[in-house]
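Below you'll find the structure, written out as structure tokens, and then a few comments.
Protein chains: 2
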Amino acid sequence: MVRVGLSAERLTRAGADLADELGFEQVTVSALARHFDVRVASLYSHLKSSGDLRTRIALLALEELADRVSAAVAGRAGKDALTAFANAYRDYALEHPGRWAATLLPLDPETAAASAGVRHAQLTRAVLRGYDLSETDRTHAVRLLGGLFRGYVDLERNGGFGHSAPDSQESWDRSLDALDALLRNWPAS
Amino acid sequence: MVRVGLSAERLTRAGADLADELGFEQVTVSALARHFDVRVASLYSHLKSSGDLRTRIALLALEELADRVSAAVAGRAGKDALTAFANAYRDYALEHPGRWAATLLPLDPETAAASAGVRHAQLTRAVLRGYDLSETDRTHAVRLLGGLFRGYVDLERNGGFGHSAPDSQESWDRSLDALDALLRNWPAS
DNA sequence: GGATTTGCCTAAAGCTTTTAGGCAAATGCA
DNA sequence: TGCATTTGCCTAAAAGCTTTAGGCAAATCC
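Each protein sequence line maps, in turn, to chains A and B. Numbering-wise (our numbering), the first sequence opens with residue 1203 and increments by one. Numbering-wise (our numbering), the second sequence opens with residue 1203 and increments by one.
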């Protein structure tokens, strides 16, 4: 009865890796137990439930993503910051499909409020400092950008326009150009 | 042993309703069997698998959504068409959360190619006829719009910015204004 | 009215989740 | 070092979902 040294953190990281390999949907307490060669029930000392596991993975992924984006936008401004943000976001999703899928998990309000999701909003807001927008318009723009990045990457990943011309990369670049132009010429109410 | 009159179509519709009530995640062959007061195994004459059920619901929702959008943009052009499209899309999602979640289900390439997803792209393209874009830029814009609508609505539904000021409706309206402005002044490569 | 098809049934196996209770390893403290 | 406590992983078991196999009765078709 050797102790493997489980902990919520290790399980979460292993779960995230499993998500990247097999898909977030496939991450289950059972699969994780198999991975550690341990009985399923043993994991319940560290995790409240299956949903708890998924939530922890989501929170981890949100932190990682915020860290990446934060590093990417540091020292940049204007369009430079915008594309750095967007590319950090998209690259993370392409490198870590399972973790990224986890970030889409709906969280209950308290959990969401304590998550790195708020950092994401702050980072987006920071990028928009490079553009001349009113406080309210900045909020609108934060939401627009958040929605666009999330939706574009999701569509791209799920084959929405994966293998047709022009290349998805090109549409992404042109969309960022367009977004920059839009933010520089944001229409008045 | 009275026959209830099951069929793939009835099961799919009932499954879609169940999704709207309980969430798409909760739609299971078991739950559906309970709903029809029938043994679980009986459903397997009509459905290949649990995934088959979910896929059918996704296809149904994509059709319904395309029908709505199609009706909304008929006879409109320019910004009028753009907002009609966007609002039809968003309203469907708000009215039918489970069905809408189903539209996000990743489909395998052949299924996707045969789905109403292609109508969505065509409808988006049709809306963009009201703007002066090159063929390639039109494709970029189709992808941008598709991503934005999908992502915005998803963020909105999952509490991303549900209960903070300003109202999500306002951000939506302003985003459509912005989008219209962008499409009228699409930046050159 | 009899043959065939079809629809729902029972049975059963396999997997995931979750709780309860137990024993042994690790840890803490004299 | 030696003992007590805590902690970690275990077995057992119940409950729910998925899926396949085989059967019987209702509907359908001459």
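The beta-carbon is built from N, C-alpha and C at its ideal position, and this holds for glycine as well. In this text, all values refer to a predicted model and were calculated from it rather than measured experimentally.
Restricting attention to A:K1250, A:V1206, A:Y1333, the CA atom closest to the CA of R1386 of chain A is found in A:Y1333. The Cβ atoms of T1305 of chain B and A1260 of chain B sit closer than 8 Å to each other. In terms of CA proximity to A1303 of chain B, B:G1353 leads the group B:D1382, B:L1245, B:G1353, B:A1288.
Residue-level contact check: D1293 of chain A does not touch chain B, since none of the beta carbons of chain B fall below 8 Å from its beta carbon.
DSSP places T1214 of chain A inside the alpha helix (DSSP H), whose first and last residues are 1210–1224. Closest in C-alpha terms to R1331 of chain A, from the list A:D1356, A:R1278, A:R1256, comes A:R1278. Under the criterion of beta carbons closer than 8 Å, R1241 of chain B and A1235 of chain B qualify as touching, at roughly 6 Å.
Annotated as distal: L1284 of chain A and L1384 of chain A, with beta-carbon spacing of 8 Å or more.
Between N1289 of chain A and chain B, the shortest Cβ-Cβ separation is not below 8 Å. At least one CB of chain A lies nearer than 8 Å to the CB of W1388 of chain B.
Nearest Cα to L1325 of chain A within the set A:D1379, A:D1293, A:E1265: A:E1265. With a cutoff of 8 Å on beta-carbon distance, P1389 of chain B and D1379 of chain A are scored as near each other.
Annotation: the region 1272–1314 of chain A contains the following complete segments of the alpha helix (DSSP H) (minimum length 4 residues), in chain order: 1280–1297, 1299–1305.
In this structure, the CA atom of S1373 of chain A is about 34 Å from the CA atom of P1311 of chain A. Look at H1322 of chain B here: in three-state DSSP terms it is helix.
Neighbours of S1252 of chain B across chain A, judged by C-beta separation under 9 Å, do not exist; the nearest C-beta is about 12 Å away. Using a 10 angstroms sphere on the CB of S1377 of chain A, the tally of other CB atoms reaches 16 or more, which defines it as buried. Our two residues, D1254 of chain A and N1360 of chain B, have alpha carbons roughly 18 Å apart in a direct line. Taking V1206 of chain B as the centre and dropping the five residues before and after it, the same chain places the C-beta of F1238, V1240 closer than 7 Å to its C-beta, in chain order. Think of a sphere of 8 Å around the beta carbon of H1342 of chain B: the chain A residues whose beta carbon falls inside it are P1368, E1372, S1373, R1376, S1377, A1380, in chain order.
Taking a beta-carbon distance threshold of 8 Å, R1352 of chain A counts as an interface residue toward chain B.
Assignment of S1370 of chain B by DSSP, reduced to helix, strand and coil, places it in the helix class. A direct Cα-Cα distance of roughly 46 Å separates R1345 of chain B from S1244 of chain A. No Cβ of chain A is located within less than 8 Å of the beta carbon of L1261 of chain B. In the structure shown, A1268 of chain B falls within a helical segment according to DSSP collapsed to helix, strand and coil. V1271 of chain A sits buried, since 16 or more C-beta atoms from the chains shown fall within 10 Å of its C-beta.
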